[in-house]
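Contents: one structure, followed by commentary.
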Amino acid sequence: MHIPITLLTGFLGSGKTTVLNHLVRQPELARTLVIVNEFGEVGLDHLLMSRVPDDAVVEMSSGCLCCTVRGDLVSTLKNAHWRYARAGERQFDRVVIETTGLADPAPILQTLMTVGVITRRYRLDGVVTVVDLANAAATLDAHPEAVKQAAVADRLLLTKGDLADSEARLGLARRLVAINPGAAQVPADHGAVDPAAVLGLGPFQPEAKSADVAHWLSAEAYGAGGRAGGAAAAQDREHQDDEAPDHAHVDDAHDGHTHHDHAPGHDHDPNRHDDRIRAFCILRDAPLAADAPERLMQALGELAGPDLLRVKGMLSVQGRAGPVVIHGVQHSLSKPVELAAWPGPDRRSRLVFITRDIPQSAIAARLGTLEA
Ligand SMILES: Nc1nc2c(ncn2[C@@H]2O[C@H](COP(=O)(O)OP(=O)(O)OP(=O)(O)O)[C@@H](O)[C@H]2O)c(=O)[nH]1
1 MHIPITLLTG FLGSGKTTVL NHLVRQPELA RTLVIVNEFG EVGLDHLLMS
51 RVPDDAVVEM SSGCLCCTVR GDLVSTLKNA HWRYARAGER QFDRVVIETT
101 GLADPAPILQ TLMTVGVITR RYRLDGVVTV VDLANAAATL DAHPEAVKQA
151 AVADRLLLTK GDLADSEARL GLARRLVAIN PGAAQVPADH GAVDPAAVLG
201 LGPFQPEAKS ADVAHWLSAE AYGAGGRAGG AAAAQDREHQ DDEAPDHAHV
251 DDAHDGHTHH DHAPGHDHDP NRHDDRIRAF CILRDAPLAA DAPERLMQAL
301 GELAGPDLLR VKGMLSVQGR AGPVVIHGVQ HSLSKPVELA AWPGPDRRSR
351 LVFITRDIPQ SAIAARLGTL EA
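Each residue of the sequence shown is one higher than the one before, starting from 1 at the first, in the UniProt record's numbering.
Spelled out as structure tokens, the structure:
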């Protein structure tokens, strides 16, 4: 069984360590290997995590995780089996990696998704991005990496709500919806968050209920929900060029804080990095041709690069009982995997994209006809 890895990323000083300190005290994370990237000489995070058993923390001080220590990350994960074992038995069942603030998450994700010694034993469970409500607006304006961190997230944890007024909180929630409509926004005041809100986010868990796959895809948050199949639904939808989506996909199951934000269009400042971000869903009503997954992966391979921030898809393919699931981050694409069952009656193929500067029309043209 593959060991799930959660990537905890977020803006500088946003509260990642505070979140992690809370999480590692929860019983659900009792058998978790925490890998912390330290930057500079003072192992502050390590001190803050003093209650984590020493052998569960790997401190890597050789530099920024995204650029210089991927080799360390690979060897740490490769060796973890025997290094964190007692009497020959591995002492952890999951991994959380905390990245340095403002690290570009893409190279780390690429490492986790594509390096053979990792993918043989581990699977990426989810990307959790911590967003500091007090400072995020300025951070998003100043740092394209911050926008990227929000765009690749499966879940957004909102910290420092106590330091932001309600207008600022709402404005930021809307802005994050525009960047990443599928990622639920969960408050994490002073790091307090339900482990269920950050674990089990991936689509490939054997024990997962099939409904979780739909949750993972969140196509409805991209404007693809609530419509029956049929010819009228066959057209592609793009909501993002000029408008923010209709509603935030906010995870109210785990935290009890529900915001159903209705997001109008956002201001258009050409200097804002997030104005280059587009989020859209491409739908296909009819089952796709048997070779569509391969053709799709080839087309996505040509599109893959720094501007393909995130793609997730659930495909209906002729001759397959369950949906075929794909996903990718920038340069890295997962292999298509067939799931045992559909999560519900909606059997349309759905592909959700978050891109930078790539319009839906360009993607649709590249994908071409995938139907039989
Ligand atoms: N008021 C308030 N402060 C918070 C909250 N969450 C975290 N903090 C504080 O924010 C500061 C930064 O938190 P850290 O957890 O160190 O942030 P980090 O993201 O790990 O920081 P770097 O690793 O340096 O990027 C600390 O002083 C925390 O106590 C919150 O919800 N409210």
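Every residue, glycine too, gets a C-beta built ideally from N, C-alpha and C.
Fair warning: this is a prediction, and the values are worked out from it, not measured in the lab.
Review point. Looking at C-alpha atoms only, which residue of Arg-123, Lys-160, Ala-146 and Arg-348 is the closest neighbour of Leu-199?
Key: The shortest C-alpha separation from Leu-199 is found at Arg-123.
Point to revise | Simplified DSSP state of Leu-7, which is helix, strand or coil | key: In the three-state scheme derived from DSSP, where H, G and I count as helix and E and B as strand, Leu-7 is classed as strand.
**Study point:** Other residues of its chain near Leu-163: CB distance less than 6 Å, five sequence neighbours each side excluded
**Key:** Contacts found: Ala-134.
Review point. To which residues does DSSP link Leu-308 through a beta bridge?
Key: Looking at the DSSP assignment, Leu-308 forms a beta bridge with Thr-355.
Review point. Out of curiosity, what's the CA-to-CA distance linking Ile-358 and Leu-77?
Key: So the two alpha carbons sit approximately 34 Å from each other.
**Study point:** Nearest-angstrom Cα separation, counted from Val-115 out to Asp-194
**Key:** Here the C-alpha atom of Asp-194 lies approximately 31 Å from the C-alpha atom of Val-115.
**Study point:** Backbone secondary structure at Asp-104 - three-state DSSP
**Key:** Under the three-state reduction of DSSP output, Asp-104 falls in the coil class, being neither helix nor strand.
Exercise for review: Label Ser-349 either buried or exposed according to how many other C-beta atoms from any shown protein chain fall within 10 Å of its C-beta, with 16 as the threshold for buried.
Suggested key: Under this definition Ser-349 is a buried residue.
Practice item. Go through its chain and collect everything with a Cβ distance to Leu-109's Cβ below 8 Å, but skip five positions before and after it. Key: Here the set comprises Leu-7, Leu-124, Val-127, Val-152, Val-329, Gln-330 and Ser-332.
Review point. How is Thr-159 classed by DSSP in three states: helix, strand or coil?
Key: In this structure, Thr-159 counts as strand in the three-state DSSP scheme.
**Study point:** For Phe-92 and Thr-32, believed in contact at Cβ under 8 Å, the rounded distance
**Key:** Rounded, the Cβ-Cβ distance is 6 Å, consistent with contact.
Check your understanding: Quick one: is Thr-369 buried, meaning 16 or more other Cβ sit within 10 Å of its Cβ, or exposed?
Key -> Here Thr-369 is exposed, its C-beta having fewer than 16 other C-beta atoms within 10 Å.
Review point. By the 10 Å Cβ neighbour count, where 16 or more other Cβ atoms means buried, how is residue 398 classified, buried or exposed?
Key: This structure cannot speak to residue 398, because the chain is shown only from 1 to 372.
Review point. What did DSSP end up calling Ala-365 once you bin it into helix, strand or coil?
Key: In the structure shown, Ala-365 adopts helical secondary structure according to DSSP, grouped into three states.
Review point. So what's Val-74 in DSSP terms, helix, strand or just coil?
Key: DSSP places Val-74 in helix when its eight states are reduced to three.
Review point. Would the C-beta of Ser-166 count as close to ligand 1, meaning under 7 Å from any of its heavy atoms?
Key: No, the beta carbon of Ser-166 sits no closer than 7 Å to any heavy atom of ligand 1.
Review point. Comparing the CB of residue 373 with every heavy atom of ligand 1, is any distance shorter than 7 Å?
Key: Look at the range of the chain in this structure, 1 to 372, and you will see that residue 373 is not part of it.
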